[in-house]
Every structure is written in C-alpha cells, then in structure tokens.
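> Quick one: this structure, given as structure tokens, is what I'll be asking you about.
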Amino acid sequence: MTADLDCIDLTKQFSGVTAVDQVSFSVPPGSFFSILGPSGCGKTTIMRMIAGFLEPTDGDILIKGKSVLNVPPNKRPVNMVFQHLALFPMMNIADNIGYGLRRAGMGKTEIAYKVDEALERIGLPGIGARKVDELSGGQKQRVAIARCMVLEPDVLLLDEPLGALDLKLRERMKVELKSLQAAFDTTFVYITHDQSEALVMSDKIAVMNNGSFEQVGTARDLYYRPDTAFVAGFVGDSNRWRGQVTKTEGHCLELRTETGMTLRGVANGRALSVGEQVDVFVRPEAVRIAHEQAELSRFDNQISGKVTSLLFNGAASRVIVSSDAGLGEVEVNLPQSGEFADLVKGSDVHIGWSSDQGNCFAARES
Ligand code: ATP
16 MTADLDCIDL
26 TKQFSGVTAV
36 DQVSFSVPPG
46 SFFSILGPSG
56 CGKTTIMRMI
66 AGFLEPTDGD
76 ILIKGKSVLN
86 VPPNKRPVNM
96 VFQHLALFPM
106 MNIADNIGYG
116 LRRAGMGKTE
126 IAYKVDEALE
136 RIGLPGIGAR
146 KVDELSGGQK
156 QRVAIARCMV
166 LEPDVLLLDE
176 PLGALDLKLR
186 ERMKVELKSL
196 QAAFDTTFVY
206 ITHDQSEALV
216 MSDKIAVMNN
226 GSFEQVGTAR
236 DLYYRPDTAF
246 VAGFVGDSNR
256 WRGQVTKTEG
266 HCLELRTETG
276 MTLRGVANGR
286 ALSVGEQVDV
296 FVRPEAVRIA
306 HEQAELSRFD
316 NQISGKVTSL
326 LFNGAASRVI
336 VSSDAGLGEV
346 EVNLPQSGEF
356 ADLVKGSDVH
366 IGWSSDQGNC
376 FAARES
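Dropping the structure here:
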C-alpha cells in the first residue's frame, strides 16, 4: 500500500546549523503519527518542509507516492493546524469552516452542505451561526480541525495544537483528537514535546533529538523497549545509574556503579563490552518493595534502605527509598493494595527488581 507521506533523508541546514539531519519515515494511510522531542530538536522544521513553507537542503517528500518538492504550499494536499488556531473572529463558525472552500470557488449550496456535514462529524451540529468567542476552547479546537478537514487534505499536520489549552481541557482533547482523526479517517502528523499527548494518541511515534530520529515505534515499544539512552530517559520516568560493565553473558550484564554497587541488567541497544561506561534505567513500577528481604528472593537486584519521601498520588503513589549501600535515592511505585499504608519517613524497607528490567546503554552526556 502506498504511504500517505514519505520523508526520505530529509535534511535542513540553516547557516551552519543542521536542524534536521537525514530523517526518513513513512506514514501509512489513516494513521496517527507523532514526532516527539524536546524544544529545538527540529520538529517544526520538518512540519514546515512538509507544508512547503521551507525548502529542504536535501532529501525528498512524497505524498501518496508523488514528490511535492516543486509544489507550492497552497497546492499541496496537506493542511496545518497551529497552536494559535487563527479562527477569524469577525466571521461566524460556518463562514470560518467554509473559508477555504469559498476561496477554492465552490458554490454556496455545496459549501453549506459540507459545513453542516463537518459540524456533525465534530459533534457540534447546528452551531454554524455562532460567533467564535461564543465557543469554549475545546469547541474552537474542533472547529479549527473541521476548517482544515473540509478541504479533504491527504495529510493533516498539527503543530502542538493543545499547547495553549489548560491542563484539564488538554487531557480531554487528547481523547477527542484521536476520535476526530478516526471520524475523518485522515492521516494526522502531530508534533509535540509532551510525551503524554504522543503516547495516548499515536499509532506510531518518532522520538527526535538534535535533528535526528532516535527511534520510531508504538508507545509500548518506546516505553518498554527503548533503543537508546535518550528514549529511555525521555519517555516515562526512570531511575538511572551510571557504572562500568564488569561481566557480560549474551545480552545480560553486570555493572559496578560509581558508588561500588553491583547491578544486573540487559543491553537493549547495541552489545556492550566489559570495561565500558553504561547507564542503566529502571522504571519505578518495575521495582518491588517489601518489609522482609526474603520476599524479594526472585529478584537478582536487591537493596535495603530507608524511606525518605512518600508521594501520595492515588493510583500512581510513589515512595523514595535511600539505599543503605550508597546507591542514592530509588523511586518506587507503591502497589495499590494498601499493604504499605503503614510506611512513614524513616521506615526500613527492602526493594528489588529483575535484571531484565534494567535497560543498559552506552553512557553519553545528556
Ligand atoms: P520547539 O518545540 O521549541 O518549537 P522544534 O523542535 O520545533 O522546537 P525547530 O523550530 O524545528 O525546533 O528548530 C530546530 C533548530 O533549528 C533550532 O536550533 C532552531 O534554533 C533552528 N532554526 C529554526 N528555524 C531557523 C531559522 N529560520 N534560521 C536559523 N535557525 C533556525
């Protein structure tokens, strides 16, 4: 099947700065693809090249298998929704949604039909006569998407569209955007620095760092099987320690931390050798807590320590344990059973995790 969007070795240099460095990816029809990365990593530059506002230094962009490099922005089968939605305040909702169709020379009756149909699809039938400032933030967001979708683009580009919304609305809009994408059955390419947006909505996510893609995968791939230290550190929370490899056996390894503790983990990216500096990442939910050490006998990493903080947050409650052996602080998710409700600051506890929960990567400064 031909992809809706292919970027091939896409590169953009700005007077000596390589903002995007040989990035290649393919987005199948009807999917939700996100580019996730920190500020300045090159996300917007990719979007602007796809939309045609910026010319690539090198590489190609294909939409439905055809290069669009020589096609001007207004003739490309893509549309873009920005953080500042840019709805026209002097026009009512119907005129806002029909704006692009009028410019394309479509007749009034057909425009009215298409606008009504789009309002149905975004779940706001009958509000065409309202003014923009009579809508809530979430409703404006849906109208901005409808205004693009009536033009039937092959690909809709969304540049941090939830960035200006308050936290509660942003949470709701994540779910809504995903269902709008399904309702219009259109390919969405979404950029964000907010991992929770990308993880919730996307079929595939590209994690971007410093102009390049570190990994492209599903939310589960990125979370459970990170390919690089950057992905392991950027997506979700992790405990992280640096050490030196002392023993290897296949992809299993032992390392000695800077504080002299032996930990066991697995090499998740390239193979690692004895003597190499590595970072090991362990998710707080992979660490088990127990009152008695004997309860942790199945784990090949075991530590004793004292509780230094208890962070109650409902289902995601967490405890911070300071290791007696000098490993520093370890973040541990508390089970929901209530079994540890008696823990207080200073309680003695034991913690443990299995070696396959310790993702190890060659150390790099980051
Ligand atoms: P943010 O999330 O903050 O918007 P981003 O990931 O979208 O960041 P880009 O806007 O794509 O990042 O910028 C990538 C790099 O390219 C940055 O170092 C930026 O300073 C640089 N850059 C972007 N546009 C230009 C330009 N017109 N001239 C020179 N450098 C630029």
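Letter by letter, the sequence shown follows residues 16 to 381 of my numbering. We put the beta carbon where it would ideally sit given N, CA and C, even for glycine.
Between the C-alpha atoms of residue 281 and residue 345, what's the straight-line distance to the nearest angstrom?
19 Å
> Using the rule of at least 16 other Cβ atoms within 10 Å of the residue's Cβ for burial, across every protein chain shown, is residue 149 buried or exposed?
Per the 10 Å Cβ criterion, exposed.
> Taking only heavy atoms of ligand 1 into account, decide whether any of them is closer than 7 Å to the Cβ of residue 227.
no
> Quick check: is any heavy atom of ligand 1 less than 7 Å from the C-beta of residue 22?
No, Cβ of residue 22 sits at least 7 Å from all heavy atoms of ligand 1.
> On the DSSP bridge assignment, give the partners of residue 221 in chain order.
50 and 231
> Quick check on DSSP: helix, strand or coil for residue 175?
coil
> Quick one: does the C-beta of residue 29 sit closer than 7 Å to a heavy atom of ligand 1?
yes
> Between the alpha carbons of residue 174 and residue 62, how many angstroms are there, rounded?
When the Cα atoms are used, residue 174 and residue 62 turn out to be separated by approximately 8 Å.
> Please tell me whether residue 204 and residue 322 are closer than 8 Å, where the distance is taken between their beta carbons.
Result no, Cβ atoms of residue 204 and residue 322 do not sit closer than 8 Å.
> Using the C-alpha atoms, what's the distance from residue 320 back to residue 213?
36 Å
> Can you pull the DSSP bridge partners for residue 257?
294
> Under 7 Å: does the beta carbon of residue 26 sit that close to some heavy atom of ligand 1?
no
> Within the present structure, is the beta-carbon of residue 54 separated from the nearest heavy atom of ligand 1 by less than 7 Å?
yes
> Can you name the residues that DSSP bridges to residue 321?
337 and 363
> Is DSSP giving residue 60 helix, strand or coil here?
In the structure shown, residue 60 sits in a helix (DSSP, three-state: H, G or I).
> Taking 7 Å as the cut-off, is the beta-carbon of residue 57 closer than that to any non-hydrogen atom of ligand 1?
yes
> First and last residue of the alpha helix (DSSP H) that includes residue 129?
123-136
> Can we count residue 204 as close to ligand 1, meaning its CB is less than 7 Å from some heavy atom?
no
> Buried or exposed, going by whether 16 or more other CB atoms sit within 10 Å of the CB of residue 146?
exposed
> Would you report the Cα separation of residue 369 and residue 78, rounded to the nearest angstrom?
46 Å
> To the nearest angstrom, how far is the alpha carbon of residue 81 from that of residue 21?
9 Å
> Quick one: grab the DSSP three-state call for residue 79.
coil
> For residue 258 and residue 271, which I take to be in contact (beta-carbon distance under 8 Å), what is that distance rounded to the nearest angstrom?
5 Å
> Is residue 142 near residue 134, with beta carbons less than 8 Å apart?
yes
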